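A.B. asks: In UniProt numbering, the protein residues as written are 1 to 343.
No residue lacks a Cβ here, since even glycine has one placed at the ideal position from N, Cα and C.
Please read all numbers here as calculations on a predicted model, not as lab measurements.
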Amino acid sequence: VSSSAPGPHGGCPSACYCVATPELVQCRYEKLVELPQELPTSVHNLSITGSNLSVLHQNAFFSSSSSSPSITTTMTTTRRNLLPDLRLLRLRHDNIQVVEDMALQGLPSLHTLDLSYNPLKKVGPAAFHGVPHLHTLQLNQALLANPTTILEEHLALAMKNLTLHRLELAGNSLKDLPTTILPLSLEELDLRNNSLQRLTSSELLELEKPGWRSLRMTLGANPWLCDCSLRPFLTWLRVSTTRVPDARGLRCSGPPPLRGATLLRLRPEGLACSGGEDGEAGRLETASYVFFGIVLALIAIVFLMVLYLNRRGIKRWLHNLREACRDQMEGYHYRYEQDADPR
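(1) Start and end of the alpha helix (DSSP H) containing T241?
(2) Take residue 411 as the anchor and find which of E188, S229, I181, T200 has the nearest alpha-carbon.
(3) Considering only C-alpha positions, which residue in the set A103, L219, V43 is nearest to E34?
(4) Between which two residues does the alpha helix (DSSP H) containing T149 stretch?
(5) L53 lies in the alpha helix (DSSP H); which residues open and close that run?
(6) Can you list, in chain order, the residues of its chain whose CB lies under 6 Å from that of Y29, leaving out five sequence neighbours each side?
(7) Start and end of the beta strand (DSSP E) containing L205?
(8) Got a sec: is the Cβ-Cβ distance from A221 to anything in chain D below 7 Å?
(9) Hey, out of S109, G106, P108, L56, whose CA is closest to R92's CA?
(10) Within this structure, are the beta carbons of D227 and L271 separated by less than 7 Å?
(11) Applying the 10 Å Cβ sphere with the 16-neighbour rule, what's the burial state of R326?
(12) Taking the beta strand (DSSP E) that R166 falls in, what are its first and last residues?
(13) Who are the near neighbours of A261 in its chain, counting only those whose CB is closer than 7 Å to its CB and skipping five residues on each side?
(14) With a threshold of 16 other CB atoms inside 10 Å of the CB of Q37, please say whether the residue is buried or exposed.
(15) What would DSSP say about D227, mapped onto helix, strand or coil?
(16) Is there at least one non-hydrogen atom of the ligand NAP closer than 6 Å to the beta-carbon of R316?
(17) Rounded to the nearest angstrom, what separates S240 and P223 at their Cα positions?
(18) P119 and Q138 look like a contact to me (Cβ under 8 Å); what is the Cβ gap, rounded to whole Å?
(19) Considering only DSSP beta bridges, list what Y17 is partnered with.
(20) In terms of alpha-carbon separation, which member of E168, L309, L46, E206 lies closest to L86?
(21) Under 7 Å, do P232 and L204 count as touching if we go by C-beta distance?
(22) Can you tell me whether E323 is buried or exposed, with buried defined as 16 or more other CB within 10 angstroms of its CB?
(23) Whole angstroms is fine: what's the gap from K160's alpha carbon to P132's?
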């Protein structure tokens with residue numbers, strides 16, 4: 001059911017529709033370039049999808065009202081919360097690239113923010129100021145436009161004072177555990193569909209910090225490389241399956257003999273080295289054999305060259321050797337005939 005008629009606390013925006021009551025407002029693919037201002041103040045869930053907002057400006061959810069008490073006094077401007085009861089804000093596929101400081105000011109009841117599928121490039125250090133009850137932050141496929149660590153540094157500052165319980169970072173091509181942006185209050189972390197091949201020993205130690213010992217992570221659809229570099233993570237995973245709800249579904253992407261194998265069915269000591277730090281010794285051994293073979297080949301070439309350059313002398317030496325052998329055999333033959341003569 002949709003409605004565009006004004007409700008008791010304001011009307012439904014012309015570019016959006018309100019489902020059942022003004023408390024649920026959805027704006028889909030209307031190509032908005034700024035947030036609608038005529039929202040009902042009683043809205044609880046606001047979803048804006050497929051627009052071109054580009055920037056979430058400072059105080060985007062505040063409204064201004066001006067008053068002039070008298071002709072002789074200066075006009076005063078007051079600010080009030082535009083959406084004091086908003087609990088869920090979903091801004092997906094809105095081409096948001098910048099979130100300015102104080103962008104969410106005026107949303108004191110907000111507990112879930114979804115900025116997924118936006119090409120985020122910059123997040124102000126005070127971007128999440130004014131939302132003390134924000135517990136869930138969804139940034140799925142939102143960190144791809146700026147693959148450097150700069151955006152992670154921005155997020156680390158912005159999330160420093162939050163008491164997040166759930167953080168979603170699926171589909172961001174992450175190769176390492178983003179420990180720098182994880183608040184110690186975090187309880188759930190979604191890292192599915194990234195580029196994780198392993199979790200290193202240092203990253204696993206980070207997970208044992210007092211604030212993260214109860215952290216639960218979903219890690220499916222990552223290209224786990226099942227060689228000896230995976231041993232620390234596999235050892236940890238076998239004793240921490242309660243912390244990884246989808247642990248039984250994790251599968252190897254390589255090497256080829258183990259592609260598709262379930263991680264929990266492998267033994268850490270049975271993983272062979274095929275690359276990474278633990279595979280360096282194998283590569284050095286192979287290089288040593290190659291070098292030794294090259295040296296032997298060079299020695300053989302030098303020997304053949306010496307034989308070729310002295311072929312005439314060698315021919316005379318072989319001739320003399322043959323003559324000497326012939327004289328020796330004739331001497332043996334003569335003595336044999338003398339010994340066999342009956343006279």
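C.D. replies: On the basis of the supplied data:
(1) Residue numbering aside, residue 241 sits at position 241 when the sequence shown is read from its first letter. Boundaries cannot be given for T241, as no alpha helix (DSSP H) includes it and DSSP labels it neither H nor E.
(2) Because residue 411 is not part of the residues shown, which for the chain are 1 to 343, the question remains open.
(3) Reading the sequence shown from its first residue, position 34 is the one you call residue 34. The shortest C-alpha separation from E34 is found at A103.
(4) The sequence position of residue 149 within the sequence shown is 149, counting from 1. In this chain, the alpha helix (DSSP H) harbouring T149 covers 149–158.
(5) In the sequence shown, residue 53 corresponds to position 53, counting from 1. Here L53 belongs to no alpha helix (DSSP H), and DSSP marks it neither H nor E.
(6) The sequence position of residue 29 within the sequence shown is 29, counting from 1. Around Y29: G50.
(7) Against the sequence shown, residue 205 aligns to sequence position 205. Taken as a continuous stretch (DSSP letters only), L205 belongs to no beta strand (DSSP E), being part of the alpha helix (DSSP H) at 201–206.
(8) No chain D is part of this structure, which consists of one protein chain only.
(9) Residue 92 sits at position 92 when you count from the first residue of the sequence shown. Residue L56 is the option with its Cα nearest to R92.
(10) On the sequence shown, position 227 is the one that residue 227 refers to. On the sequence shown, position 271 is the one that residue 271 refers to. Contact: yes.
(11) The sequence position of residue 326 within the sequence shown is 326, counting from 1. By the 16-neighbour rule on beta-carbons within 10 angstroms, R326 is exposed.
(12) On the sequence shown, position 166 is the one that residue 166 refers to. Where R166 is concerned, the enclosing beta strand (DSSP E) stretches over 166–168.
(13) Your numbering for residue 261 matches position 261 in the sequence shown. These residues qualify, in order along the chain: C226, R251, C252.
(14) Reading the sequence shown from its first residue, position 37 is the one you call residue 37. The residue in question, Q37, is exposed, as its Cβ has fewer than 16 Cβ neighbours within 10 Å.
(15) As a first step, residue 227 is located in the sequence shown; it is residue number 227 there, counting from the start. If DSSP states are grouped into helix, strand and coil, D227 belongs with coil.
(16) No copy of the ligand NAP occurs in the structure displayed, which carries no ligand at all.
(17) What you label residue 240 is simply residue 240 of the sequence shown in a count that begins at 1. What you label residue 223 is simply residue 223 of the sequence shown in a count that begins at 1. One C-alpha to the other measures close to 20 Å.
(18) Along the sequence shown, one-based indexing puts residue 119 at 119. Along the sequence shown, one-based indexing puts residue 138 at 138. No, P119 and Q138 are not in contact; Cβ-Cβ is about 15 Å, not under 8 Å.
(19) Here the question's residue 17 lines up with position 17 in the sequence shown. Checking the DSSP bridge columns, you'll see Y17 partnered with Q26.
(20) Start at 1 with the first residue of the sequence shown, and residue 86 comes out as number 86. Checking every option, the nearest Cα to that of L86 belongs to L46.
(21) Residue 232 sits at position 232 when you count from the first residue of the sequence shown. Residue 204 sits at position 204 when you count from the first residue of the sequence shown. At a Cβ-Cβ threshold of 7 Å, P232 and L204 count as neighbours.
(22) Here residue 323 is taken as the residue at index 323 of the sequence shown, counted from 1. Around the beta-carbon of E323, fewer than 16 other beta-carbon atoms lie within 10 Å, marking it exposed.
(23) Counting from 1 along the sequence shown, the entry for residue 160 is found at position 160. Counting from 1 along the sequence shown, the entry for residue 132 is found at position 132. Each residue's alpha carbon lies about 12 Å from the other.
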